[in-house]
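Below is one structure, written out as structure tokens; comments come after it.
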Amino acid sequence: MHALLYRSRARPGLLASDLNAIIETAEARNHEIGITGILLYGQLAVVPGAPGEFVQWIEGDRESVEALYADIATDERHFDPEVLARGPIGELRDGVRAAGPSGRLFPTWSMALVRLSELPATLPGFLAFARDWEGDALPAMA
Ligand SMILES: Cc1cc2nc3c(=O)[nH]c(=O)nc-3n(C[C@H](O)[C@H](O)[C@H](O)COP(=O)(O)O)c2cc1C
């Protein structure tokens with residue numbers, strides 16, 4: 016099982032409806048290609064009109080993850096994508112979460128959108144975020 020974590024800057028003026036469109040596409044397509052993960056959206060500065068940022072974790076087989084990221088990276092709804100980590104999940108997870116049978120961090124989420132005021136924009140920060148969410152009831156995949 017392979018994963019990729021990246022951050023990017025949302026296109027200025029991106030609307031809530033744009034976020035909904037992104038997540039709807041992502042859920043449907045990820046389900047088809049066996050990808051799961053989480054998409055975090057937030058702003059790094061509490062300034063009216065400050066552009067939003069994304070942090071996304073995608074997991075699945077290596078070819079699917081890398082092909083999907085190649086698509087996502089050229090999407091004009093965000094820019095300046097920066098890969099924070101990529102590789103076998105067992106190495107990236109660093110023991111943060113007990114291995115489930117699937118070896119995934121988000122086995123039941125084809126893609127979940129979570130809005131945060133402050134994004135965990137490093138691998139250790141993201142893994143701490145994922146660990147903290149472990150005990151929460153995760154919504155079932157649609
Ligand atoms: C921040 C962000 C995250 C995205 N995440 C996904 C995703 O997880 N899965 C997905 O299929 N598309 C995702 N997309 C949309 C893809 O970039 C692309 O528009 C979509 O896969 C449809 O591709 P197509 O127009 O070639 O069919 C995301 C887009 C953005 C801006």
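Read in my numbering, the sequence shown has 140 at position 125, and its numbers run on one by one without any break. The beta-carbon is built from N, C-alpha and C at its ideal position, and this holds for glycine as well.
Kindly give me the distance between the Cβ atoms of residue i and residue j, rounded to whole angstroms, as I take these residues to be in contact under 8 angstroms.
| i | j | result |
| --- | --- | --- |
| R26 | F94 | 7 angstroms |
| G102 | Q71 | At roughly 16 angstroms, the Cβ-Cβ gap does not stay under 8 angstroms, so G102 and Q71 are not in contact. |
| G75 | R130 | With 8 angstroms as the limit, G75 and R130 do not qualify as a contact, their Cβ atoms being about 24 angstroms apart. |
Under three-state DSSP, which class holds residue i?
| i | result |
| --- | --- |
| P103 | strand |
| P154 | Its pLDDT being 45, under 50, P154 is placed unreliably by the model, and the measurement read from it follows with that caveat. The answer is coil: DSSP assigns P154 none of H, G, I, E or B. |
| T40 | helix |
| I87 | helix |
| D162 | Since the first residue of the chain shown is 16 and the last is 157, residue 162 is not available in this structure. |
| P135 | coil |
| F121 | coil |
| I48 | helix |
| R146 | helix |
| L29 | coil |
| G140 | helix |
Heavy atom of ligand 1 less than 8 angstroms from the Cβ of residue i, yes or no?
| i | result |
| --- | --- |
| T123 | no |
| H93 | yes |
| Q58 | no |
| D147 | no |
Using 10 angstroms around the beta-carbon of residue i, count the other beta-carbons present and answer buried if the total reaches 16, otherwise exposed.
| i | result |
| --- | --- |
| N35 | exposed |
| G105 | exposed |
| L134 | buried |
| L30 | exposed |
| V80 | buried |
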